[in-house]
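If you count by this note's numbering, then the sequence shown holds residues 29 to 331, one letter each, in order. All remarks here apply to the structure that follows.
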Amino acid sequence: MNEFFNKKIPVCNSVKELKEFLARYSKFKFCLYLAYKDPDDWDRSTSRVYMNQVIADLIYLPVNIKKDNNDSLKEIYRISESSEQIVAINQTQPHKSNSVLGKWLQDDSIVNIDALIKDKNKKLVPYDLNGPSFVGWFKDEVGQFQEKCVILLGVGGVGEPIARKVIEEKPSKLILVDIVPKNELCAELSKKGIIEYASGLSEIKLNDNKIIFINCAGKEGVDESGTNELLMKFKERGFIFVDLRPHLQIDIVEKATKLRWKAYTGHGMNARNDYSLLTKIAELIGIVLMPFDEFKKIVAKAS
Numbered sequence: 029m030n031e032f033f034n035k036k037i038p039v040c041n042s043v044k045e046l047k048e049f050l051a052r053y054s055k056f057k058f059c060l061y062l063a064y065k066d067p068d069d070w071d072r073s074t075s076r077v078y079m080n081q082v083i084a085d086l087i088y089l090p091v092n093i094k095k096d097n098n099d100s101l102k103e104i105y106r107i108s109e110s111s112e113q114i115v116a117i118n119q120t121q122p123h124k125s126n127s128v129l130g131k132w133l134q135d136d137s138i139v140n141i142d143a144l145i146k147d148k149n150k151k152l153v154p155y156d157l158n159g160p161s162f163v164g165w166f167k168d169e170v171g172q173f174q175e176k177c178v179i180l181l182g183v184g185g186v187g188e189p190i191a192r193k194v195i196e197e198k199p200s201k202l203i204l205v206d207i208v209p210k211n212e213l214c215a216e217l218s219k220k221g222i223i224e225y226a227s228g229l230s231e232i233k234l235n236d237n238k239i240i241f242i243n244c245a246g247k248e249g250v251d252e253s254g255t256n257e258l259l260m261k262f263k264e265r266g267f268i269f270v271d272l273r274p275h276l277q278i279d280i281v282e283k284a285t286k287l288r289w290k291a292y293t294g295h296g297m298n299a300r301n302d303y304s305l306l307t308k309i310a311e312l313i314g315i316v317l318m319p320f321d322e323f324k325k326i327v328a329k330a331s
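Shown next as structure tokens:
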């Protein structure tokens, strides 16, 4: 078992540190967690704890790389594909749509990749975690999308793959809200259902009886005034609000609950997300993973 079962794993801040860590723990398999966060955010990262408490011979290693540091990204993908130790990469913003990845995978149209997992030929291939994990969690623990008006705030990063999965669930309409125009995505999704676009929540005209409001923007991009106004406008109606940040408690979720929304954080989806990744890794290295209910307890304890 790795020594980080009972302590928070350190963060590698360069390719050099990554290489040194791999050499130091040469008998272990690795899943890299590729991100860029400040020290406080890394300190709050609970996956640094629970992801190292599941598979005895697997180390989940955070690697902190600045946005658009393409030389480092290219080297990390090269090392990951050539190394027998590295079996997967979990990557979050700002790296999901980095310019290096499309060239590495020989497909520049590939965007919003949240995971890469080795295939049987030991090549890194994209794997969509967020879309299936969110829809699966929602349908199991919250409700159905069918014939509901779904508002998706923040359509970069996690929001785009979620939008693709939600439209397949036949909502009455899907409203994409993002300051960046989403013409291509709207055109793509309009083939499967009714799509609207708005640059802000204040632009939306709503008179729907059944609303699902999902904040995919996180703390950096949330339309705070628009969110508060929408929550107030439809208070005491029992509509659904989800803030996808992975914490157990979020102020805006608590406020929505007081306004009689059925409100949820992204904690449940986050657990399912990571379990899906670990399941693929377990299949790759030939072990049986613990049941999901047991994994959820580990995540909750670390959160």
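Glycine included, each C-beta is placed from N, C-alpha and C at the ideal position.
Cβ-Cβ distance between residue i and residue j below 7 Å
i: residue 115; j: residue 312; result: yes
i: residue 50; j: residue 119; result: no
i: residue 263; j: residue 288; result: yes
i: residue 198; j: residue 159; result: no
i: residue 141; j: residue 124; result: yes
i: residue 87; j: residue 30; result: yes
i: residue 266; j: residue 165; result: no
i: residue 204; j: residue 180; result: yes
i: residue 232; j: residue 268; result: no
i: residue 156; j: residue 189; result: yes
i: residue 176; j: residue 94; result: no
i: residue 223; j: residue 229; result: no
i: residue 112; j: residue 152; result: no
i: residue 117; j: residue 60; result: yes
i: residue 284; j: residue 78; result: no
i: residue 85; j: residue 57; result: yes
DSSP-derived helix/strand/coil call for residue i
i: residue 291; result: strand
i: residue 213; result: helix
i: residue 57; result: strand
i: residue 196; result: coil
i: residue 153; result: strand
i: residue 267; result: coil
i: residue 91; result: strand
i: residue 226; result: strand
i: residue 145; result: strand
i: residue 86; result: strand
i: residue 104; result: helix
i: residue 326; result: helix
i: residue 207; result: coil
i: residue 77; result: helix
i: residue 128; result: helix
Local Cβ density within 10 Å of residue i, reported as buried at 16 or more and exposed below that
i: residue 145; result: buried
i: residue 307; result: exposed
i: residue 44; result: exposed
i: residue 258; result: buried
i: residue 255; result: buried
i: residue 67; result: exposed
i: residue 34; result: exposed
i: residue 127; result: exposed
i: residue 206; result: buried
i: residue 172; result: exposed
i: residue 76; result: buried
Beta bridge counterpart(s) of residue i as assigned by DSSP
i: residue 302; result: According to DSSP, residue 302 bridges with nothing at all.
i: residue 177; result: 201, 239
i: residue 98; result: Residue 98 pairs with nothing; no bridge assigned.
i: residue 62; result: 91, 119
i: residue 278; result: According to DSSP, which records beta bridges pairwise, residue 278 is partnered with nothing at all.
i: residue 40; result: 91
i: residue 114; result: 58
heavy atom of the ligand ATP below 6 Å from residue i C-beta
i: residue 102; result: This structure simply doesn't include the ligand ATP, nor any ligand for that matter.
Would the region 277-296 and the region 312-322 be scored as touching if the rule is three or more Cβ pairs under 8 Å? Between the region 277-296 and the region 312-322, the count of Cβ pairs shorter than 8 Å is below three; the stretches do not touch.
Take every Cβ of the region 33-49, pair it with every Cβ of the region 87-103, and state whether three or more of those distances are shorter than 8 Å. yes
Quick test of the definition: if touching needs 3 or more C-beta pairs under 8 Å, does the region 233-247 touch the region 180-191? Yes, the region 233-247 touches the region 180-191.
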